[in-house]
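**Q**
Number of protein chains: 2
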Amino acid sequence: MPMLERSNPLPLYYQLKEVLKQQIRAGHLAPHTAIPSEPELVARYRVSRATVRQALTELVHEGLLYRQHGKGTFVCEPRVQQTLSELTSLSEDIRRRGKQPGGLLLVSELVRGSETVRERLRLLDEEQAIRLVRVRTADEVPIAYEVDYLPYPRATGIYQRAKELGEGSLYSMMASEGLTPYIAEQNVKAALPSAREAELLRIPPDEPGLRVTCTTFDQTGSPIAYSEVFYPGSRYEYMVTLRVARS
Amino acid sequence: MPMLERSNPLPLYYQLKEVLKQQIRAGHLAPHTAIPSEPELVARYRVSRATVRQALTELVHEGLLYRQHGKGTFVCEPRVQQTLSELTSLSEDIRRRGKQPGGLLLVSELVRGSETVRERLRLLDEEQAIRLVRVRTADEVPIAYEVDYLPYPRATGIYQRAKELGEGSLYSMMASEGLTPYIAEQNVKAALPSAREAELLRIPPDEPGLRVTCTTFDQTGSPIAYSEVFYPGSRYEYMVTLRVARS
DNA sequence: CAGTGGTCTAGACCACTTC
DNA sequence: AAGTGGTCTAGACCACTGG
Numbered sequence: 001m002p003m004l005e006r007s008n009p010l011p012l013y014y015q016l017k018e019v020l021k022q023q024i025r026a027g028h029l030a031p032h033t034a035i036p037s038e039p040e041l042v043a044r045y046r047v048s049r050a051t052v053r054q055a056l057t058e059l060v061h062e063g064l065l066y067r068q069h070g071k072g073t074f075v076c077e078p079r080v081q082q083t084l085s086e087l088t089s090l091s092e093d094i095r096r097r098g099k100q101p102g103g104l105l106l107v108s109e110l111v112r113g114s115e116t117v118r119e120r121l122r123l124l125d126e127e128q129a130i131r132l133v134r135v136r137t138a139d140e141v142p143i144a145y146e147v148d149y150l151p152y153p154r155a156t157g158i159y160q161r162a163k164e165l166g167e168g169s170l171y172s173m174m175a176s177e178g179l180t181p182y183i184a185e186q187n188v189k190a191a192l193p194s195a196r197e198a199e200l201l202r203i204p205p206d207e208p209g210l211r212v213t214c215t216t217f218d219q220t221g222s223p224i225a226y227s228e229v230f231y232p233g234s235r236y237e238y239m240v241t242l243r244v245a246r247s
Numbered sequence: 248m249p250m251l252e253r254s255n256p257l258p259l260y261y262q263l264k265e266v267l268k269q270q271i272r273a274g275h276l277a278p279h280t281a282i283p284s285e286p287e288l289v290a291r292y293r294v295s296r297a298t299v300r301q302a303l304t305e306l307v308h309e310g311l312l313y314r315q316h317g318k319g320t321f322v323c324e325p326r327v328q329q330t331l332s333e334l335t336s337l338s339e340d341i342r343r344r345g346k347q348p349g350g351l352l353l354v355s356e357l358v359r360g361s362e363t364v365r366e367r368l369r370l371l372d373e374e375q376a377i378r379l380v381r382v383r384t385a386d387e388v389p390i391a392y393e394v395d396y397l398p399y400p401r402a403t404g405i406y407q408r409a410k411e412l413g414e415g416s417l418y419s420m421m422a423s424e425g426l427t428p429y430i431a432e433q434n435v436k437a438a439l440p441s442a443r444e445a446e447l448l449r450i451p452p453d454e455p456g457l458r459v460t461c462t463t464f465d466q467t468g469s470p471i472a473y474s475e476v477f478y479p480g481s482r483y484e485y486m487v488t489l490r491v492a493r494s
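Residue numbers (my numbering), protein chains in the order written: chain A, 1 to 247; chain B, 248 to 494.
What follows is the structure in structure tokens.
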């Protein structure tokens, strides 16, 4: 049985979380079965109950466990476990469907941006936006035309590293630049492709698809990205998972 | 200044949450301003720090507050505050856009259900599904054709109360029947309406729209509803808000 | 340095479930 | 009655931020 290391700089509750996560992932704890009770975990790992509860509470929030008063703490089904994190990364989504994500960066430039862009990013008069244009692919097939806008002074690092963005995830690059996505608002419409989109995606100009606009905010509610993506209807089913209610 | 009541059956941390929520909503605590520090709250409300922290941690999870180590705890922007709860209720969404939600229940019946339905709801051989068909309206204009399926033995109460479903929220009715939505998976496609949909929504048969399928699960990962909704492209912009990353 | 939040302890009592 | 999770206390020490 793995133990917690008091010499480890990682907090005890965090180590306990990792141990439990691993046991769940490895299948030692099956869905709908009870994990050891809180007093048992206290004894087994020699930590206080508050520490155990912090670990369990976070795992509950992450969708790995659920509690029932008087009965115990149980393992959630894998579907719930998976659906709680990082859902708008297109690369991840493609990989999850068993295909190879790829992409081509067509444009990276500094622009003033349309009124919509400036409004979404809350740009001040003198501020500019970084504009990135990409065609995204799954197993080499083009499945989306994506235009991203980022606030310029804040996201300077992204502009410098834009070349790496062929297949890479913009979100992960943003996170490494201190722009951590926390909330996203997505607006989805049925629409026809523009001439340019039809050409680049190699679809007929009358094939309807989805136009998804997405504004991403950090923890404090400041906008850190705005994107417009066109998905041809025949190529990609747009999937979203969200929490319906909470607390 | 409001105080916490030790005679109140509601927990102290919960009362504290409500007090802070109300101060935020009333504008006494503006976005990006710091709330009183934890030791201050301890003194002011005469509770232990663990109690204060439980209240604050939950408010952070609900998107009302964010913390910065060494600096303080701050109020999130309203956009983040609003976007964390109950997002798939169409009625709520319509109301948020300043229109009056309404609806008409066309069908409520027990059916065996298609393979898709049975699979999504994980029905056993002998189990049936409740099928509800509704036209949803905003300011009397039809904006969506919705078909819901619920697992029959579990959702008996819904079947009996189906008549109330004109304008009411199915989710809130489900919650009152012990079927609490926790996670939803949504799949969105661009599509043309069926003949029946075009007729009921009074749109041309060649006007593309969105076909959204949604499977809803409870806390434990058991499916509690499956729905298929058609939104005509010209009438409604489909809006989704989700958390991108967490913990 | 003082003040903030982050982690942790060792208790206590309560409410709910099961037998 | 025994076991579970839910709430609460009164401390402690640490890590990070700012002047």
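By construction, the Cβ of each residue, glycine as well, lies at the ideal position given by its N, Cα and C atoms.
Over what stretch of residues does the beta strand (DSSP E) that includes B/Thr-427 continue unbroken?
**A** By 1-based counting over the second sequence, the position of residue 427 of chain B is 180. Counting along the chain, B/Thr-427 falls outside any beta strand (DSSP E), and DSSP gives it neither H nor E.
**Q** Quick check on B/Gly-456: buried or exposed, where buried means 16 or more other Cβ atoms within 10 Å of its Cβ?
**A** In the second sequence, counting from the first residue as 1, residue 456 of chain B sits at position 209. Classification for B/Gly-456: buried.
**Q** To which residues does DSSP link A/Met-239 through a beta bridge?
**A** The sequence position of residue 239 of chain A within the first sequence is 239, counting from 1. Partner(s): B/Asn-434.
**Q** Under 8 Å between C-beta atoms, does A/His-32 make it to chain B?
**A** Looking up residue 32 of chain A in the first sequence gives position 32. A/His-32 counts as touching chain B.
**Q** Is it true that the CB of B/Leu-426 sits closer than 8 Å to the CB of B/Asp-395?
**A** As a first step, residue 395 of chain B is located in the second sequence; it is residue number 148 there, counting from the start. As a first step, residue 426 of chain B is located in the second sequence; it is residue number 179 there, counting from the start. No, they are not a contact pair.
**Q** How many angstroms separate the CA atom of A/Glu-237 from the CA atom of B/Gln-269?
**A** One-based indexing of the first sequence puts residue 237 of chain A at position 237. One-based indexing of the second sequence puts residue 269 of chain B at position 22. If I take the Cα positions, the gap works out to 41 Å.
**Q** Could you check whether the Cβ of A/Tyr-238 sits closer than 8 Å to any Cβ belonging to chain B?
**A** Within the first sequence, the letter at position 238 stands for residue 238 of chain A. For A/Tyr-238, the answer is yes, since a Cβ of chain B falls inside 8 Å of its Cβ.
**Q** Which of the three DSSP states, helix, strand or coil, is assigned to B/Ser-338?
**A** Within the second sequence, numbered from 1, the residue matching residue 338 of chain B stands at position 91. Residue state, collapsed to three classes: helix.
**Q** Short of 8 Å Cβ to Cβ, which residues in the segment 313 to 326 of chain B face chain A?
**A** If the cut-off is 8 Å between Cβ atoms, the segment 313 to 326 of chain B has Tyr-313, Phe-321, Cys-323, Glu-324, Pro-325, Arg-326 near chain A.
**Q** Out of curiosity, what's the CA-to-CA distance linking B/Val-364 and B/Gly-345?
**A** What you label residue 364 of chain B is simply residue 117 of the second sequence in a count that begins at 1. What you label residue 345 of chain B is simply residue 98 of the second sequence in a count that begins at 1. B/Val-364 and B/Gly-345: Cα-Cα distance of roughly 34 Å.
**Q** Does DSSP classify B/Thr-460 as helix, strand or coil?
**A** Within the second sequence, residue 460 of chain B is the residue found at index 213, counting from 1. Here B/Thr-460 sits in strand by DSSP.
**Q** Determine whether the Cβ of A/Val-188 lies closer than 8 Å to any Cβ atom of chain B.
**A** As a working mapping, residue 188 of chain A is identified with position 188 in the first sequence. Yes, its Cβ sits closer than 8 Å to a Cβ of chain B.
**Q** DSSP state of B/Ala-445, grouped into three classes?
**A** Locating residue 445 of chain B in the second sequence gives position 198, where the first residue counts as 1. In this structure, B/Ala-445 counts as helix in the three-state DSSP scheme.
**Q** Sorted by chain position, which residues of the same chain lie with C-beta nearer than 6 Å to B/Pro-278's C-beta, five sequence neighbours on each side aside?
**A** The count along the second sequence starts at 1 and reaches residue 278 of chain B at position 31. If we look at B/Pro-278 and ignore the five residues flanking it on each side, its Cβ neighbours are Val-322, Glu-324.
**Q** Tell me, to the nearest whole angstrom, how far the beta carbon of B/Glu-285 is from that of B/Val-299; I am working on the premise that it is less than 8 Å.
**A** For this step, residue 285 of chain B is matched to residue 38 along the second sequence. For this step, residue 299 of chain B is matched to residue 52 along the second sequence. B/Glu-285 to B/Val-299, Cβ: 5 Å. Contact.
**Q** Find the nearest neighbour of B/Glu-339 within the set B/Ser-419, B/Val-327, B/Ile-271, B/Ala-297, judged by alpha-carbon distance.
**A** The residue labelled residue 339 of chain B in the question sits at position 92 within the second sequence. Of the candidates B/Ser-419, B/Val-327, B/Ile-271, B/Ala-297, the one whose C-alpha sits nearest the C-alpha of B/Glu-339 is B/Ser-419.
**Q** Indicate whether A/Gln-186 and A/Asp-139 have their beta-carbon atoms separated by less than 8 Å.
**A** Sequence index remark: in the first sequence, residue 186 of chain A carries index 186 (1-based). Sequence index remark: in the first sequence, residue 139 of chain A carries index 139 (1-based). Contact flag unset, no.
**Q** Quick one: what does DSSP say A/Gly-63 is sitting in, helix, strand or coil?
**A** As a first step, residue 63 of chain A must be located in the first sequence, where it is residue number 63. Of the three classes helix, strand and coil, the one that applies to A/Gly-63 here is coil, per DSSP.
**Q** List, in order along the chain, the chain A residues whose C-beta lies closer than 8 Å to that of B/Pro-249?
**A** Working through the second sequence from its first residue, we reach residue 249 of chain B at position 2. Neighbours of B/Pro-249 on chain A: none; closest Cβ ~21 Å, over 8 Å.
**Q** By the criterion of Cβ-Cβ separation under 9 Å, what are the contact partners of A/Phe-51 in chain B?
**A** Counting from one through the first sequence, the residue named residue 51 of chain A turns up at place 51. The sequence as given places Thr at residue 51 of chain A; Phe does not occur at that position. Chain B residues near A/Thr-51: none, gap ~12 Å exceeds 9 Å.
**Q** Are the CB atoms of B/Val-327 and A/Ile-183 nearer to each other than 8 Å?
**A** Here residue 327 of chain B is taken as the residue at index 80 of the second sequence, counted from 1. Here residue 183 of chain A is taken as the residue at index 183 of the first sequence, counted from 1. Contact flag set, yes.
**Q** How about B/Gln-262: is its C-beta nearer than 8 Å to some C-beta of chain A?
**A** The count along the second sequence starts at 1 and reaches residue 262 of chain B at position 15. So, not an interface residue.
**Q** Is the shortest distance between the beta-carbon of A/Gly-98 and the beta-carbons of chain B less than 8 Å?
**A** Working through the first sequence from its first residue, we reach residue 98 of chain A at position 98. It does not; no Cβ of chain B falls within 8 Å.
**Q** Show which residues of chain A have a CB atom less than 9 Å away from the CB atom of B/Gly-468.
**A** Position 221 of the second sequence, counted from the start, is the residue given in the question as residue 468 of chain B. In chain order: Pro-31, His-32, Gly-63, Tyr-66, Cys-76, Glu-77, Pro-78, Arg-79, Val-80, Gln-81.
**Q** From A/Ile-130 to A/Gln-160, what does the alpha carbon distance come to, in whole angstroms?
**A** Locating residue 130 of chain A in the first sequence gives position 130, counting from the first residue. Locating residue 160 of chain A in the first sequence gives position 160, counting from the first residue. Cα to Cα, A/Ile-130 sits roughly 10 Å from A/Gln-160.
**Q** Count the other CB atoms, across all protein chains shown, that sit within 10 Å of the CB of A/Thr-215; report buried if there are 16 or more and exposed otherwise.
**A** For this step, residue 215 of chain A is matched to residue 215 along the first sequence. When all chains shown are included, A/Thr-215 counts as buried.
**Q** Any Cβ of chain B within less than 8 Å of the Cβ of A/Phe-217?
**A** Along the first sequence, read from residue 1 onward, the residue named residue 217 of chain A stands at position 217. Yes, A/Phe-217 counts as interfacial toward chain B.
**Q** Less than 8 Å between CB atoms is the rule here; does B/Gly-404 satisfy it with respect to chain A?
**A** If you number the second sequence from 1, residue 404 of chain B lands on position 157. By this cut-off, B/Gly-404 is not an interface position.
**Q** Can you tell me which of the three DSSP states A/Thr-73 falls into?
**A** Here residue 73 of chain A refers to the residue found at position 73 of the first sequence. It is a strand residue.
**Q** Determine the DSSP secondary structure at B/Glu-384, reduced to helix, strand or coil.
**A** Here residue 384 of chain B refers to the residue found at position 137 of the second sequence. Reading off the sequence, residue 384 of chain B comes out as Thr, not Glu. Residue state, collapsed to three classes: strand.
**Q** Check the Cβ-Cβ distances between A/Leu-210 and every residue of chain B, and say whether any is below 8 Å.
**A** For the purposes of this step, residue 210 of chain A is identified with residue 210 of the first sequence, where counting begins at 1. It does; some Cβ of chain B falls within 8 Å.
**Q** Along the segment 223 to 234 of chain A, where does the CB come closer than 7 Å to a CB of chain B? Name the residues.
**A** Cβ contacts with chain B: Gly-233.
**Q** If you compare alpha carbons, which of B/Ala-391, B/Leu-371, B/Val-487, B/Thr-460 is closest to B/Ala-569?
**A** Not covered by the structure: residue 569 of chain B. The range shown for chain B is 248 to 494.
**Q** Once you ignore the five residues that flank B/Arg-359 on each side, which residues in its own chain have a CB closer than 8 Å to its CB?
**A** For the purposes of this step, residue 359 of chain B is identified with residue 112 of the second sequence, where counting begins at 1. The residues are Arg-365, Gln-375, Ala-376.
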